[in-house]
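Enquirer: Mind looking over this structure? Questions follow.
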Ligand code: PMP
C-alpha cells in the first residue's frame, strides 16, 4: 500500500507535492472559498457529520452550493484509500473556481472541490506535557457584524497576524479578544477555563467559531463532572481560572500553562485531554 500525501481535485487524484491548481482560482486571488479540517482514524473521519454540516453552512453563507453528502463521502473515502494512511488529517476545500480577473463573484461555473489527505502535528509532545504559553494579541477577532465567525473561510490573515504577534513575543499561541474586549478564541482553537467544577467557554456572541471539538468537550462535560457555562467574559475573569485549555481538530485538547505570564495548573486539563482522546474511537464513522 502506498503511503503518501494525496489530493483529489474535482475527483482526480494527484500526489500532493505534484498537484497544481489554476492561478485564477478565486480561493487564491481573494480567499473566496471555505474549508474544513478533519481528523481520521482507522480510515474513518472523526465527528464526520458535524464537520459536513459546518462545511455546508460555510458554503451557503458565501453563496456556494456544497457537494451532496454522497459525493463528499465518496471523494473523502477515495482519497483516504489512495493515501494508504490509516490515521491522518483531511483538508476539505471548496472555492468559487476560475473566472475572469476581478472581484465580482457572479458568473462562475462549478466550484473547485479539493480534498487533501496528509498529517499534521501542531505541537510537540512536550507542550502537551507542560502546557503552552498564550499572549493576548493586540488585534481583535473580526466583529460578527463584519463576517460570521461560524464560517471557515479561506481568509485566515486576521488570525495569522494574531499568531505572528504571539510568536514575536515568544509565546506559542495568540488569544484573541472580540471588538468589545470579551474573550473570543485562539488563532485556530477554542478556549475553556476551569473554575472549580465549572467549565467556562465564550458564547458564540464573541464571534468564536463553534468548534466541533468544543462541542464534543461540552458533551463530555457531564461525564467529567463539570457544569458548562457559555457566556461573554473578560480577560480579568479568565485570569482568575484554576486552569485553561484550548480545543481544536488540529491540536486536540491543549493545556495552557500561562496567559500574558499569569500561570495556571494543568493537571485537570491533562485529564480532560485523556478523556477526549479515549472518546475518539466511538465518534469515528466508516464511509
Ligand atoms: N477557531 C478557529 C478560528 C479555528 O480555525 C478552529 C479550527 N477549525 C477552531 C476554533 C476549532 O474548531 P474545531 O474544533 O472544529 O477544529
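Numbering (our numbering), first residue to last: 1 to 287. Just so you know, even glycine gets a beta-carbon here, dropped at the ideal spot from N, CA and C. As the structure is a computational prediction, the values presented were derived from the model and not from experiment.
So is residue 285 buried or exposed if we call it buried at 16+ other beta carbons inside 10 Å?
Expert: Here residue 285 refers to the residue found at position 285 when the chain shown is read from its first residue. So residue 285 ends up on the exposed side.
Enquirer: Starting from residue 40, follow its DSSP beta bridges and name the residues at the other end.
Expert: By 1-based counting over the chain shown, the position of residue 40 is 40. According to DSSP, residue 40 bridges with 45 and 88.
Enquirer: Given residue 110, which residues of its chain have a CB within under 7 Å of its CB, disregarding the five upstream and five downstream residues?
Expert: Taking the first residue of the chain shown as position 1, residue 110 is located at position 110. Cβ within range, chain order: 97.
Enquirer: Measuring only the C-alpha atoms, how far is residue 199 from residue 169?
Expert: Mapped onto the chain shown, residue 199 falls at position 199. Mapped onto the chain shown, residue 169 falls at position 169. C-alpha separation (whole angstroms): 28 Å.
Enquirer: Sorry if obvious, but does the Cβ on residue 209 come closer than 6 Å to a heavy atom of ligand 1?
Expert: Stepping through the chain shown from its first residue, residue 209 is reached at position 209. Checking the Cβ of residue 209 against ligand 1 gives yes.
Enquirer: Express the C-alpha separation of residue 84 and residue 1 in angstroms, rounding to a whole number.
Expert: For this step, residue 1 is matched to residue 1 along the chain shown. For this step, residue 84 is matched to residue 84 along the chain shown. Low confidence applies to residue 1: its pLDDT is 49, below 50, so where it sits in the model is not reliable, and the reading given next is rough at best. Approximately 6 Å between the Cα atoms of the pair.
Enquirer: Report the CB separation of residue 176 from residue 186 in whole angstroms; it is logged as a contact under 8 Å.
Expert: Translated into positions along the chain shown, residue 176 becomes position 176. Translated into positions along the chain shown, residue 186 becomes position 186. About 7 Å; that satisfies the 8 Å criterion.
Enquirer: Grouping DSSP H, G and I as helix and E and B as strand, with all else coil, what is residue 11?
Expert: Here residue 11 is taken as the residue at index 11 of the chain shown, counted from 1. Residue 11: coil per DSSP, three-state reduction.
Enquirer: Would you call residue 141 buried or exposed, if buried means 16 or more other Cβ atoms sit within 10 Å of its Cβ?
Expert: As a first step, residue 141 must be located in the chain shown, where it is residue number 141. The residue is buried, with at least 16 neighbouring Cβ atoms inside 10 Å.
Enquirer: Between residue 123 and residue 173, what straight-line distance do the alpha-carbon atoms span, to the nearest angstrom?
Expert: The residue given as residue 123 occupies position 123 in the chain shown. The residue given as residue 173 occupies position 173 in the chain shown. When rounded, the distance between both Cα atoms is 10 Å.
Enquirer: Secondary structure at residue 1, three-state DSSP: helix, strand or coil?
Expert: The residue you call residue 1 lines up with position 1 of the chain shown. Note that residue 1 scores a pLDDT of 49, beneath 50, so its modelled location is shaky; the value from the coordinates is reported in the next line. Residue 1 falls in the coil class under three-state DSSP.
Enquirer: Between which two residues does the alpha helix (DSSP H) containing residue 277 stretch?
Expert: Your numbering for residue 277 matches position 277 in the chain shown. 267–279 is the span of the alpha helix (DSSP H), which, as asked, contains residue 277.
Enquirer: When the Cα of residue 42 is compared with those of 86, 62 and 61, which residue comes out closest?
Expert: Translated into the one-based positions of the chain shown, residue 42 becomes position 42. Among 86, 62 and 61, the Cα nearest to that of residue 42 belongs to 86.
Enquirer: For residue 22, does the count of other Cβ atoms within 10 angstroms reach 16, so buried, or fall short, so exposed?
Expert: Mapped onto the chain shown, residue 22 falls at position 22. So residue 22 counts as exposed.
Enquirer: Going by alpha carbons, who is nearest to residue 171 out of 19, 162 and 238?
Expert: Residue numbering aside, residue 171 sits at position 171 when the chain shown is read from its first letter. Comparing Cα-Cα distances from residue 171 to each of 19, 162 and 238, the minimum goes to 162.
Enquirer: Are the stretch 219–229 and the stretch 130–147 touching by the rule of at least three beta carbon pairs closer than 8 Å?
Expert: At 8 Å Cβ cutoff, the stretches do not touch.
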